[in-house]
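In my numbering, the protein residues as written are 80 to 279.
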Amino acid sequence: MTQTGVVYSRMINGEEFTFGVSGRLYKSNVLIYDHQTESLWSQLLEKSVSGQKAGTQLQKLPSLRISWGSWLKRHPHTKVLSTDTGFNRNYSYDPYEGYYRVGSLMFPVGDIRKDMSRKSRVLGIEINGQARAYPLDRLAGASGVIDDTIGGGKVQIELDAQGQVLRVSDQNGRPLAHIYSYWFAWQAFHPDTTVYRSEN
């Protein structure tokens, strides 16, 4: 299973859809399904892979995954969703915690490139059909702004003092959609991906 942090629009060709987790996997990546047609959708392929909507693309939306402390500094009046949902569930418990720690995969994904360990976490960006992976452990030792070019498009990644990603944008400051994933999954869906190195 992959750790994919991305947001997609519920609007597809002018129609609003609702989604759920199917429980099925493709290349160890969870497939979602829509309640309207029960088509299956791949997060990393960004499209439907079976059913009535097969081949239909998802629209990726810019989003941000950040620590609560960093977010609160920027938005001190943020309201927080309550865990008082009416269900008896421990929301502080992560059922996949053990999976994060071990190096092995639960399900095969084929050959895995040796650029880094299979469960290294990466920030993935794709522009004009070209993909690049930014290893989060390499970003952790940096701060400020990383300027890069992917598929002819300019990319700026803003990092805080701890190396957390604060913003991903183009040369005009517009947010760029990006994905957080494990390396094994990113390279499985983007076999020609390049890997960011500080000398790029």
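Where a beta carbon is used, it is the ideal one built from N, C-alpha and C, also for glycine. Remember, predicted model here, so these are calculated numbers, not experimental data.
Sequence-distant residues of the same chain with beta carbon closer than 8 Å to residue i, five excluded per side
| i | result |
| --- | --- |
| S107 | M80, T81, L184, M185, F186, P187, V188, F263, A264, A267 |
| Q138 | Y87, S88, M90, I91 |
| N279 | Because the pLDDT at N279 is just 45, under 50, the model does not fix this residue reliably, and the point stays unresolved. |
| I145 | Q243, V244, L245 |
Residue span of the beta strand (DSSP E) that contains residue i, given as start and end
| i | result |
| --- | --- |
| D113 | 108-113 |
| A212 | 209-214 |
| L245 | 244-248 |
| Q64 | Outside the shown range of the chain (80 to 279) lies residue 64, about which nothing can therefore be said. |
| I229 | 223-229 |
| V159 | Neither: V159 is in no beta strand (DSSP E) and is coded neither H nor E. |
| K126 | 126-129 |
Neighbourhood of residue i by C-beta, 7 Å cutoff - its chain only, sequence neighbours within 5 removed
| i | result |
| --- | --- |
| Q136 | E125, K126 |
| Y172 | none |
| V100 | V109, I111 |
| L140 | V86, Y87, S88, A256 |
Where residue i falls: helix, strand or coil (DSSP)
| i | result |
| --- | --- |
| S199 | coil |
| E117 | coil |
| L218 | helix |
| Q136 | strand |
| F268 | helix |
| F29 | The question about residue 29 has no answer, for the chain in this structure spans 80 to 279. |
| L184 | coil |
| F98 | strand |
| L254 | The sequence given here has Pro at residue 254, not Leu. It is a strand residue. |
| Y87 | strand |
| N279 | At N279, the pLDDT of 45 sits below 50, so the modelled position is not reliable and the matter cannot be decided from this model. |
| I191 | coil |
| Y172 | coil |
Whole-Å CB distance - residue i paired with residue j, under 8 Å assumed
| i | j | result |
| --- | --- | --- |
| L255 | V224 | The Cβ separation is near 13 Å, so there is no contact. |
| G230 | N207 | 3 Å |
Residue range of the alpha helix (DSSP H) that includes residue i
| i | result |
| --- | --- |
| G177 | 176-180 |
| K152 | 147-153 |
Check: residue i C-beta below 6 Å from any heavy atom of the ligand FAD
| i | result |
| --- | --- |
| S161 | Ligands in the displayed structure: none, and consequently the ligand FAD is not present. |
Cβ shell of residue i (< 6 Å), same chain only, five flanking positions each side left out
| i | result |
| --- | --- |
| V274 | D194, A212 |
| H114 | T97 |
### Query
Three or more C-beta pairs closer than 8 Å, one from the stretch 97-115 and one from the stretch 195-212: is that the case here?
no
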